[in-house]
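**Q** Attaching a single structure in structure tokens format; questions to follow.
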Amino acid sequence: MEKVRKKLIREKAVIAVYQYLLTNSTEEEIMNYLNECYKPRMDEREIELCKEIVFNTIERIDEYVPLIEKNLKKSWSIDRLSIMEKAILYVAIYERNEVSKEISINQAVELAKKYCDEDAYKFINGVLGAIG
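So the sequence shown is numbered by full-length UniProt numbering: it starts at 1 and just counts up by one.
Next up, the structure:
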């Protein structure tokens, strides 16, 4: 799969995780969302890879929260983060098993620049860089 498509898959996975966090969607609702909303832009193989990222990320959120909290400022908790920031961080942490740390951080920073507040990308970069 070419690099541009991986970026698309990653972005759509972050959006799906965001939807899950925002609405506490069921697995069936997420599947329907991915199938209905992404079919025009993604082929079946890409949708399956996106589903894999989404469901594996969601399954491991409880593992990721302490990693993130450990690397926040002393007075911060994960509850202070926006839902989109959390979604980006969760997917980026999951993807570190699939791609290099640098690629994972770079893609997360790009998504933060696109979907989050003005300086959120700096925060995302710092947290992900601090996670071993």
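Note that beta-carbon positions come from the ideal geometry of N, C-alpha and C, so glycine has one too.
In this text the structure is predicted, and so the values were computed from the model without any measurement.
What's the C-alpha gap between A16 and A87?
**A** Near 9 Å, if we compare the C-alpha coordinates of A87 and A16.
**Q** CB of I47 to nearest heavy atom of the ligand ZN: below 7 Å?
**A** For the structure depicted, the ligand ZN is absent and the ligand set is empty, with no information on it obtainable.
**Q** So what does DSSP say about V99, is it helix, strand or coil?
**A** Of the three classes helix, strand and coil, the one that applies to V99 here is coil, per DSSP.
**Q** Would S104 pass as a contact of E110 if the rule is Cβ separation under 8 Å?
**A** No, the pair does not count as a contact, with Cβ atoms beyond the cut-off.
**Q** Mind reading off the beta-carbon distance from Y64 to I83? Whole number of angstroms is fine, and I expect it under 8 Å.
**A** Not really, about 14 Å apart at Cβ, beyond 8 Å.
**Q** Let's test the definition: count the other Cβ atoms within 10 Å of the Cβ of R10 and tell me whether it reaches 16, buried, or not, exposed.
**A** By the neighbour-count rule (16 or more Cβ atoms within 10 Å), R10 is buried.
**Q** Grouping DSSP H, G and I as helix and E and B as strand, with all else coil, what is D43?
**A** The answer is coil: DSSP assigns D43 none of H, G, I, E or B.
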